[in-house]
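Residue numbers (our numbering), protein chains in the order written: chain A, 1 to 358; chain B, 1 to 288; chain C, 1 to 240; chain D, 1 to 410. Backbone N, C-alpha and C fix where the C-beta goes; we use that ideal spot for every residue, glycine too.
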Amino acid sequence: MNARARNLAGLVLVAIIGLAVLFLTPRLADLDTVLELTVYMVMAILALSLALVWGYGGILCFGQSAFFGLGAYTYAIAMFNMGESTLPFLLAIALPAAFAALLGYFIFYGRISDVYLGVITLTVTLILFNSVNSTAGPEFHIGVAKLGGFNGIPGIPSLNFPGDKNATIDLEGMFYLSTAILLATYFGLRLLLASRFGRIIVGIRENERRAELLGYDPRAYKLATFTIGAALAGLAGCLFANWGSFVSPTIFGLAQSAQIIIWVIVGGRGTLIGPIIGCIGIQWLSAFLGANQSTGSGSPWAALLSNAPLVLGAILIAFVLLVPKGLVPTLGDWGQALLRPRVRERIADAAPMPVGEE
Amino acid sequence: MDFVALLAIQILYAIASLALISIGLAIIFGMMRVINLAHGEFLMLGGYAAIVATSHGISIWIAMLVVAPVVVGIIGIIVERTIIRFLYGRIIDTMLATWGLSLFLVGLTTAVFGNTTVGISAPLGSFEIGAYRASAYTLFVIAVAIVVLAGVFSVLRWTRLGLIARGTMQNANMAAALGVKPPRVYAVTFGIGAALSGLAGGVLAPVSGVFPTIGVAYVAKSFITVIGGGAAIVSGTASASALFGTVNQIATFATTPVFGEVALLAAAIVLIRLLPQGISGRFFRRGI
Amino acid sequence: MEAPLLETRDLSMHFGGVKAVRNVNFTLAAGELRCLIGPNGAGKSTFFKMLTGQLQPTHGAVLFRGRDISHAQAHEIARLGIGIKTQVPSVFDGLSVRENIWLSASRIHPRGRARAVVDEMLERIGLAGAAQRLVGQLAHGQRQWVELGIVLATDPQLILLDEPAAGMTHEEVLRTAELVREINRSKALIVVEHDMQFIRMIAKQVTVFNQGGVLVEDNIENIMRNPLVRDIYLGKQAAA
Amino acid sequence: MKVNRREFLHGASMATVAAGMGTFASRARAADMINVAGLHDLSGGLDIYGKPMVDALTLAVEEANTAGGLLGQQIKLINHDTQSSMQLYTQFAQQAALKDKVAVVHGGITSASREVIRPVLDKFKTLYFYNTQYEGGVCDRDQFDTGVTPAQTVEKLVPYAMKKWGKKVYVVAADYNYGQITSQWVKKYVTENGGEVSSIDFFPLDVTNFGPTISKIQAAKPDFVWSALVGGAHISFYRQWAAAGMRTSIPMASTTFAVGNEHIVLSPEECNGMLVCYNYFQDLKNPVNQAFVERFHKRFGADYPNITELAMGTYQGFLLWAAGVKKAGSIDRLKVIEALETGINIDAPSGLVTIDPPTHHCVLDVHIAEVKDKKLNVLEDFAQQKPADTAAVCDLIKNPNDNQQYVIKF
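This is the structure in structure tokens:
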């Protein structure tokens, strides 16, 4: 079974599971489950955005939440001012992308890389956090939308079918939409990575200097990757604002940024399905740990297990020590070890080079 | 005029506290390329160590200057032996592991000490500058920062330990040549870094109080300071703290704390853009 | 006569106080094959780095096909037609051999053509059998070949080879020399090498670097006889 | 081939769904019980406030159950730890309404969390009690706010403090809408009492260095400082204030201090003499309260630091809801709301607490107390304060479909 056949099998499997979740969940699960899954799907899109930028582009962006938050705030503010969701939806994607393009130009054409890039992106989110966090006063508003500072913006109107502001999308609709967009994003990225562009950004990740000496301009390719990632994060932000009809500055916070990175590491860099799994797994875990607290009474063990940060932290540590590559690549290794000795771990689920095709 | 003097002290204090919370991270990151996301929790633990010790009747000075660093130093070594040592050269994995560690420590402290803010009142009382009064403890913090930086510098510069440490970080064989096991050097270095963080946490406890989640307030700022400072541990940390502290305080006085914070962060971005190697990378080549 | 393919004027590179390359005036005609020799630290690699835009000269100029490229970006120079094979093979370790070659071929060719070029090149460097293997898992010699393949696939007019025979078995050295001569039928080359047998096999003109400057420039026989060269270079080798 | 694929697809989808369901199956549901949900932060930055509230709610439910439950049914309390995360507030509010099918949700600490919960519970027609003191102005028939609002406390404390100390006030406040709005009320009452507010400074909740501000305050030389600072980080203000030797020279009043037990965390030298004003103090000398404190200590230990304003708010919130249910003879949302709108009242530890029908807020007693050696000594009582601020903008009897939080202009 060669690489391409395996990839094809993988694609088909993902497609089947994806469609199954998409169409069967609302029929078989109760509304609460559907809503819970909705937010996981939205976050998975966010995870994918970093999977592209970092996992494939090799750009360790510590501030992916900046674009996520910008998307959410853009949608909220535009929505209050316009009422019809088509333009706000597009703005929520375009604005973060534009912001990323500027920031990226500043970074990549300034030849800033690895940990320094991490710090700059982190710093940018913190600036956004601090600024937005201090807009509680009534004087801070854009059009009719009050920024609300720490408390954020509640009661954000939901998306509507393009053109008709009264045909708002209901809760199940949001699930279908989010899941569909997640699937679209996944397969879209698969296409992108199988394209010449995708090959080149992986090449640049592998050996930037060599790519340069072959005549590729790494700055331009990184900038493009960074911008696409930001657009996706913005899209996720828009959907998130819809899901909770709420957005607050914590969306820019350090915790949020680190969380996205963790999803990718846990799931596995250099894969797309990995970060999705990592994201959903960790989200579900923290929700599960928080639910049904045993207070006062109950054994000390119960109390300890209901201590969300403690358990989550322990799991992460155990993870990095035992499954350093991340879930999917490790599973992939095991699987492929059975199939053939050579392992193509680094670009596990990217389709092979388009040679011998057509 | 008095006010200017007061302002000057506030600026010095801001610089000192930045340097204090950063130096431990600077050593751990600068010498072993480990991005320790649990750094904030090391500071937090230092605070708790100092407070618990004081509440058990130990003199506050001993508690802050001895108990806190020793306790956290030991914790640091345990962490290095049980987690970090498996991850050298895997910068990203250490990030994930230490992030997990930070969550774990927050959860643990909450379980042990509960979640309310605890603290000890600052000793030394206050002093007067003309019409104004300020906490004498401020001056103490400044002094501690100076001593710590000078100490780290001289250890690295003149002692065998420092030589071995610097050597090992450049190449492990050198330490072996000097008849020292690299693993031990790593453990000790990490321990010292942790100890200094503990010291900082202890010294700042009376000022800011301590609660399990206080680490978050520290980690980003110290990380930015360290990177802004660049490779040279002492001169880098010192110069970056000086820059950021001054910017932050002046902006705060002139406007609001928020703007002060934003000004600090903006300064960091500009700095890294202009000097991608950090301040020391530009001005103190091959310095300490 | 026509303008030289490559020309440097007083090309110099200083690191702090150290003058790694000083006032080098060097010319290379189209289609020429030139060898650079000289002891380690003579400035050969720094010279290459400046030709390929990896370093910006402190002063002086590099002209390629009559155009000043002293301050051009590395990728711009590559696109103008200078390819380099570095001393330590610089390849895409995480990608397969085929993907490596494809990455460079597809810079100048559309998909379909690129594929043909890749197959061709795989044959030429004798790795068609290992096409699907990760380059990171290949032996040193093989990675040398891969890098050569990458460079050739971008079809540059001038190729810089930094110690192509280093760490090769005698057979591999022979093959490499053969390949270099073959390449030279269509392209100009500058080859940095220590292995005199290898140089004899390929070179007519040789330039000797010493302490960052050009010591002499002559045909191989005279160079071999030149006492100066013996002292600073062959002498060293004999002693070594 | 086709068959195989269909079979496979079938299998795969079932597997997925099974997995999906399995993960959520773990949460129990008891049809024969009345489910009540509590949404509070037991971890993360705000757990300081959450923990006592959860304890109070737990006690209230246990007492109700030992007393035979409600309408002959036992009450099942479901506590969710929202981990100081707005996303989890949304998720758990949804879960409470849809999966736990609760009769009422008690919880939410910051106004932010309330504004996250409120729309969700409105959407799914679930009754919601917000039991924290807050800035006022929420007007929503599906919701009750049992905490005190500025008009009930600030209005009393400002004149008291001005009489005691003087007319020039310097306000330091947390930079979010509670702090913003409270400081506006302070300004209003100070000027109405013929004083002046020399400055209002706002601080994000994570600020810990107050050196510059303390200097600014000294430069302004006010008669006293009004603090509307909130949260663990802001405690350092009082520390640094005392360390600078200011406590003795410039006194301080607050309607946020001690809500997080600051008066116990800080040493007497750091906060003695500060004036505060709340609905509840643990040392209130009335039989109901003394009995309550005894029960509370029996349940959670005599060393329990202090029963906070928020804890009592939660306890009273539950009692009010229970009273509503008894009167309505049903847990049906509308019936309970109507029952509560008859102006139900309870004889609570803090005194008489009555639902104010038009605002769904509470008429209750407030007390001014002085911090003295880690205790709060009550100095003066003000009976039955109305939620005048919210009442100025909200009348749910006239327009029951109103649903928003007003920012009260004056």
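Under the three-state reduction of DSSP output, Q385/D falls in the strand class.
Residues of the segment 306 to 322 of chain A with a Cβ closer than 9 Å to any Cβ of chain B, in chain order: N307, A308, P309, L310, V311, L312, G313, A314, I315, L316, I317, A318, F319, V320, L321.
Leaving aside the five residues that flank I129/B on each side, the residues in its chain whose CB is nearer than 7 Å to its CB run, in chain order, D2, A5, L6. Taken in chain order, the unbroken stretches of alpha helix (DSSP H) that lie wholly in the segment 33 to 120 of chain D and span 4 residues or more are 47 to 66, 86 to 98. A contact is defined here as three or more CB-CB pairs under 8 Å, and the segment 319 to 331 of chain A meets this definition with respect to the segment 82 to 90 of chain B. In the three-state reduction of the DSSP assignment, M82/A falls in the helix class, which pools H, G and I. Under the rule that a run must span 3 or more residues, the beta strand (DSSP E) segments found entirely inside the segment 243 to 268 of chain D read 252 to 254. Close partners of T123/A in chain B (Cβ separation under 7 Å): I224, L265, A268, I269.
Cβ contact annotation for T256/D (same chain, cutoff 7 Å, sequence separation greater than five): S227, A228, L229, V230, in chain order.
Segment contact: the segment 141 to 153 of chain B against the segment 227 to 241 of chain B, three or more CB-CB distances shorter than 8 Å; contact assigned. Distance from the CA of G71/A to the CA of L46/D, rounded to the nearest whole angstrom, comes to 27 Å. The alpha carbon of N35/D has as its nearest neighbour, out of T359/D, N403/D, F318/D, the alpha carbon of F318/D. Rounded to the nearest whole angstrom, the C-alpha separation of L289/A and N377/D is 40 Å. Taking a 10 Å sphere around the C-beta of W185/D, we find 16 or more other C-beta atoms and assign the residue as buried.
For L91/A and R115/C, the gap between their C-alpha atoms comes out near 40 Å. The CB of P222/D never comes closer than 8 Å to any CB in chain B; the least such distance is about 14 Å. Under the three-state reduction of DSSP, V34/B is assigned to coil, being neither helix nor strand.
Per DSSP, the continuous alpha helix (DSSP H) segment holding I101/C begins and ends at 97 to 108. Between the alpha carbons of K125/D and F202/D lies a gap of roughly 37 Å.
Within the segment 37 to 62 of chain C, contact with chain A at the beta-carbon level (separation under 7 Å) is assigned to T52. Inclusion of V169/D and P119/D in the CB contact set at 9 Å is not warranted, their separation being larger than that value.
Taking all protein chains in view, the Cβ of W158/B is surrounded by fewer than 16 other Cβ atoms within 10 Å, so the residue is classified as exposed. The DSSP-derived three-state label of S135/B is strand. In the displayed model, I200/D falls within a strand according to three-state DSSP. For N133/A, a Cβ of chain B is located within less than 9 Å of the residue's own Cβ. In the three-state DSSP reduction, E212/A falls in the helix class (H, G or I). As for any alpha helix (DSSP H) of minimum length 4 sitting wholly inside the segment 153 to 196 of chain C, the runs are 170 to 184, ordered along the chain.
In the structure shown, H140/C falls within a helical segment according to DSSP collapsed to helix, strand and coil. Assigned with DSSP and collapsed to three states, S45/C falls in helix. Scanning the segment 346 to 400 of chain D from its first residue to its last, the whole beta strand (DSSP E) runs of 3-plus residues come out as 351 to 356, 361 to 372, 375 to 385.
Annotated three-state conformation of V155/B is helix, per DSSP.
In this structure, T149/D lies near P387/D, with their beta-carbon atoms less than 9 Å apart. DSSP links R205/A through a beta bridge to no other residue. Residue burial is scored here from C-beta neighbours: P212/D has at least 16 other C-beta atoms within 10 angstroms and is therefore classed as buried. Relative to V366/D, the option among D373/D, F92/D, P349/D, T359/D whose CA is nearest is P349/D.
At a cut-off of 9 Å between beta carbons, S70/C makes no contact with chain A.
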